[in-house]
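Participant: Per my numbering, the very first residue in the sequence shown carries number 45; after that it's consecutive.
Glycine is no exception: its CB is placed at the ideal position from the N, C-alpha and C atoms.
Note that the structure is predicted; figures quoted are calculated from it, not measured.
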Amino acid sequence: MMNLNYDVVVVGAGHAGCEAASASARCGCRTCLVTMDMAKIAQMSCNPAIGGIAKGQIVREIDALGGCTGIVTDRTAIQFRMLNRSKGPAMWSPRSQCDRMKFSEEWRRILENTDNLDIWQDQVEELIVENGKAVGVATQWGVRINAKAVVITAGTFLNGLMHIGRKKVPGGRCAEPAVANLTASITRHGIRSDRMKTGTPVRIDARSIDFSQLEVQEGENDFHRFSYITESRSLPQLTCWLCSTNETVHEILKSGLADSPLYNGQIQSIGPRYCPSIETKLVTFPDRGHHPIFLEPEGTSTHEMYLNGFSSSMPIDVQLEAIRHIKGFENAKAYRPGYAIEYDFFDPTQLNHSLESKIVKGLFFAGQVNGTTGYEEAAGQGIMAGINAAQKVKNAEPLILHRDEAYIGVLIDDLVTKGVDEPYRMFTSRAEFRILLRQDNADERLTSKAKEFGTISEERWRKFQEKQKITNDIIDYCERTKAKPKEINDALVGMGTTKIEFSERLSELINRPQINLEKLSKHIVPLQKLMGGENGGCEEACEAAEVKIKYKGYIERERKLAEKVLRLEDIKIRGRFDYSKIKQLTIEARQKLERINPETLAEASRIPGISPSDISVLLVLMKR
């Protein structure tokens with residue numbers, strides 16, 4: 045057996061694996077990324093899109109931590125939109141359609157040019173554990189890769205089983221083999237596994253579609269982007285289209301339900317509630333006469349299109365017949381049908397907040413193997429696992445993000461304290477402190493931490509400081525500068541708001557819904573200069589400043605609430621109690637506290653089934 049020696053080995057080169065490996069390498073650890081196919085690095089298995097509600101915030105956070113998903117997205121974007129513009133800035137979420145092939149190519153280019161990082165093409169079959177510690181992996185080609193920390197990011201490949209109608213084929217993705225032995229080599233050490241299900245839609249040939257029958261959805265082309273250091277989007281910006289199913293489509297699909305693996309007993313595992321198959325929509329909402337469908341391009345050099353909203357594992361003939369009864373799709377041709385896939389995952393309550401196993405030291409899990417769904421959720425876990433694997437190698441403290449610091453912190457805390465009973469997807473509603481976790485301020489929240497852990501370049505740090513200076517200068521100027529009635533009233537009337545009788549600070553004027561920084565700066569030269577002059581160029585800093593000014597009261601109130609919660613985070617309880625002997629706790633509380641073994645009292649309070657009275661009991665026992 046050939047031996048390779050590294051500090052960190054990462055198993056799987058999906059979105060979690062790529063971020064984990066690159067983060068570990070940036071932290072100075074000799075890292076090996078193992079993948080079955082170097083041509084499928086960071087493959088977008090489903091929709092070739094990044095971001096969306098809350099997901100976009102996660103990508104911004106990854107970028108602020110020095111990750112690469114945002115950079116790759118901007119370089120391969122073919123349509124960008126900022127979602128939820130009609131709502132407050134806490135809800136704004138960037139989303140970008142990407143060129144599927146270029147996305148993978150760009151990630152590979154970055155990885156191959158990352159110092160301290162090697163890529164090895166092979167299939168991992170065994171986790172090697174010695175004295176309760178992960179010390180490496182073994183591959184099907186007889187290679188042992190020794191490491192001080194192991195990161196598992198195997199996605200849907202662990203005992204993957206694909207379904208189309210009554211047909212079942214082993215595989216981790218269409219035309220790619222499943223990994224048969226790795227799950228067993230992990231669970232033999234006492235780590236619990238279970239099964240989940242996901243799926244993907246049919247792929248359509250654009251040449252067979254009558255686009256005149258579809259509603260056009262254009263993108264946006266302003267300054268917004270995913271990465272704080274990307275200058276602009278370089279690829280041509282393409283159009284998406286909106287259409288919908290109809291009663292005829294529904295009747296055709298219903299005729300095939302008896303052969304659907306979701307309803308004939310073939311699939312027993314649970315799929316993502318928030319991304320249901322078209323057949324699940326029909327069963328769940330039987331009275332709806334139509335469902336929206338989005339037709340989205342897969343890239344700039346292909347005719348392949350993604351039919352968003354039509355995920356299905358129905359028989360092939362049923363899928364195609366139903367599609368051809370959608371308006372504009374009468375002559376539709378498919379590249380391949382939709383399918384469902386079942387795969388193994390591991391109970392995330394068995395993890396610490398660092399994503400290290402509580403059972404096997406030096407073993408980290410990230411991505412769909414933790415019961416999540418989505419590229420963004422995977423990548424967010426990946427960068428944290430990579431950083432913390434490197435910290436483990438260095439015998440240093442891990443990076444833990446709290447719920448008031450990042451959506452990534454909310455994601456990981458939900459996983460390790462609550463567990464999952466369905467594929468976990470991030471939403472803004474899962475975060476208690478949404479106004480603190482905006483897409484505009486991810487760098488302010490996290491880039492200083494990234495510098496401390498060594499994951500960002502000097503260039504990124506310099507750009508962050510420049511943005512912060514402009515933002516703070518604008519805020520300071522608006523807080524201390526007053527506008528006089530005779531100087532500003534005509535402008536106020538022109539902006540559709542009332543005149544002032546006495547001098548008012550600019551910050552007070554900006555709080556008016558009719559006024560924003562851009563409008564106000566046209567009448568105040570010093571402010572215009574702070575914002576970058578007539579030609580602009582500091583849009584992100586200006587947006588951040590405006591949000592801070594307009595929502596100052598809300599931000600301060602939420603920060604105070606977060607500080608109250610953080611007091612419980614400081615109360616460590618792991619190892620202090622034998623929960624089975626505390627009769628004042630409910631039986632459910634005893635069982636869950638024993639199983640999850642929370643680190644802090646705050647973590648314990650978020651476990652489903654733990655009541656405020658249970659927390660009070662623990663506080664009394666601690667004489668608090």
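(1) Between which two residues does the alpha helix (DSSP H) holding D457 run?
(2) Would you tell me roughly how many angstroms separate the C-alpha atoms of A423 and I106, rounded to the nearest one?
(3) Could you please give the first and the last residue of the uninterrupted alpha helix (DSSP H) stretch that includes P570?
(4) Skipping 5 residues on each side, what residues in its chain have a beta carbon closer than 6 Å to that of A434?
(5) Under the DSSP definition of a beta bridge, which residues are partnered with V52?
(6) Can you tell me the Cβ-Cβ gap for M539 and I559, rounded? I've got them flagged as a contact below 8 Å.
(7) Is N579 helix, strand or coil by DSSP?
(8) Taking the alpha helix (DSSP H) that A475 belongs to, which residues open and close that run?
(9) Decide yes or no for the touch test of the stretch 437-449 against the stretch 259-267: beta carbon pairs closer than 8 Å, at least 3 of them.
(10) Exposed or buried, what is V53 when buried is set at 16 or more other beta-carbons lying within 10 Å of its beta-carbon?
(11) Do you know offhand how far E488's Cα is from I427's?
(12) Can you say whether G605 is buried or exposed, counting buried as having 16 or more other CB atoms within 10 angstroms of its CB?
(13) Thinking just about the alpha-carbon of each residue, which of L258, T525 and K543 is nearest to the one in N533?
(14) Mapping the DSSP letters down to three states, classify S501 as helix, strand or coil.
(15) By alpha-carbon positions, which one of S357, N432 and S657 ends up nearest to V194?
(16) Among E643, D484, Q363 and W285, which one has its Cα closest to the Cα of D614?
(17) From E548 to E583, what distance separates their C-alpha atoms?
(18) State the Cα-Cα distance for the pair L351 and G333, rounded to the nearest angstrom.
(19) Just to confirm, is the Cβ distance from H59 to G411 under 8 Å?
(20) Span of the alpha helix (DSSP H) holding K146?
(21) Spatial neighbours of N579 within its chain, please: C-beta separation below 7 Å, excluding the five flanking residues on both sides.
(22) Which value, in whole angstroms, describes the spacing of the CA atoms of Y451 and E466?
(23) Name the DSSP beta bridge partners of P305, please?
(24) Output the boundary residues of the alpha helix (DSSP H) element that contains T113.
(25) Per DSSP, H207 is paired with what?
(26) Assuming M45 and G186 are in contact, meaning their beta carbons sit under 8 Å apart, how far apart are those beta carbons, in whole angstroms?
(27) Between which two residues does the alpha helix (DSSP H) holding I106 run?
(28) Does the ligand SAH have a heavy atom nearer than 7 Å to the CB of E510?
(29) Alpha carbons only, please: which of E632, L161 and E449 is nearest the one belonging to E607?
(30) Check each candidate in E374, N128 and S140 and name the one with the smallest Cα separation from L282.
(31) Does Q483 have its Cβ less than 8 Å from a Cβ in chain D?
(32) Run the CB neighbour count on Q425, radius 10 Å, all protein chains shown included, and call it buried at 16 or more, exposed below.
(33) Near G453, what residues of its chain come up, given a Cβ to Cβ distance below 7 Å and the 5 sequence neighbours on each side ignored?
(34) Given a cut-off of 8 Å on the beta-carbon distance, is the pair G180 and A191 in contact?
(35) Please work out which residues of its chain come closer than 6 Å, Cβ to Cβ, to I659, disregarding the five sequence neighbours upstream and downstream, and give them in chain order.
(36) Relative to the C-alpha of Y379, which residue among R506, M349 and R317 is closest?
Facilitator: For this structure:
(1) Counting along the chain, the unbroken alpha helix (DSSP H) around D457 starts and ends at Y451 to K462.
(2) Those two C-alpha atoms are separated by around 8 Å.
(3) That run of the alpha helix (DSSP H) goes V569 to L574.
(4) Within the same chain, A434 has close Cβ partners S68, C71 and C73.
(5) DSSP, once it has assigned bridges, lists T75 and A193 as partnering V52.
(6) Indeed they touch by this definition, with Cβ atoms about 6 Å apart.
(7) Because the pLDDT of N579 is 49, which lies under 50, any placement of that residue in the model is unreliable, and the question is left without a value.
(8) Run containing A475: none; DSSP gives neither H nor E here.
(9) Three or more beta-carbon pairs separated by less than 8 Å are not found between the stretch 437-449 and the stretch 259-267, which leaves the two stretches without contact.
(10) Its Cβ being crowded by 16 or more others within 10 Å, V53 is buried.
(11) One C-alpha to the other measures close to 18 Å.
(12) The sequence shown places Leu at residue 605, not Gly. Classification of L605: exposed, given that the 10 Å Cβ count is below 16.
(13) N533 has its Cα closest to that of K543, out of L258, T525 and K543.
(14) Of the three classes helix, strand and coil, the one that applies to S501 here is coil, per DSSP.
(15) Considering only alpha carbons, the answer is N432.
(16) When only C-alpha atoms are compared, the closest one is E643.
(17) When rounded, the distance between both Cα atoms is 25 Å.
(18) Between L351 and G333, the C-alpha separation is close to 19 Å.
(19) Yes, the pair counts as a contact, with Cβ atoms nearer than the cut-off.
(20) R144 to E156 is the span of the alpha helix (DSSP H), which, as asked, contains K146.
(21) Since pLDDT at N579 reaches only 49, below the 50 mark, its modelled position is unreliable, and the value read off the structure follows with that caveat. No residues qualify anywhere along the chain.
(22) About 19 Å.
(23) P305 is not bridged by DSSP to any residue.
(24) From DSSP, the alpha helix (DSSP H) with T113 extends over T113 to T120.
(25) BP columns for H207 point to K212 and A384.
(26) At roughly 5 Å, the Cβ-Cβ gap stays under 8 Å, so M45 and G186 are in contact.
(27) Looking at the DSSP string, the run of the alpha helix (DSSP H) that includes I106 is K99 to A108.
(28) Annotation note on the ligand SAH: not contained in the displayed structure, which lists no ligands.
(29) Comparing Cα positions, the closest option is E449.
(30) Checking every option, the nearest Cα to that of L282 belongs to S140.
(31) Within the model displayed, chain D is absent; a lone protein chain is all it includes.
(32) Buried, because 16 or more other Cβ atoms sit within 10 Å of the Cβ of Q425.
(33) Closer than 7 Å at Cβ, skipping near neighbours: L445, H446 and R447.
(34) Result yes, Cβ atoms of G180 and A191 sit closer than 8 Å.
(35) The residues are S649.
(36) A check of alpha carbon separations from Y379 across R506, M349 and R317 identifies M349 as the nearest.
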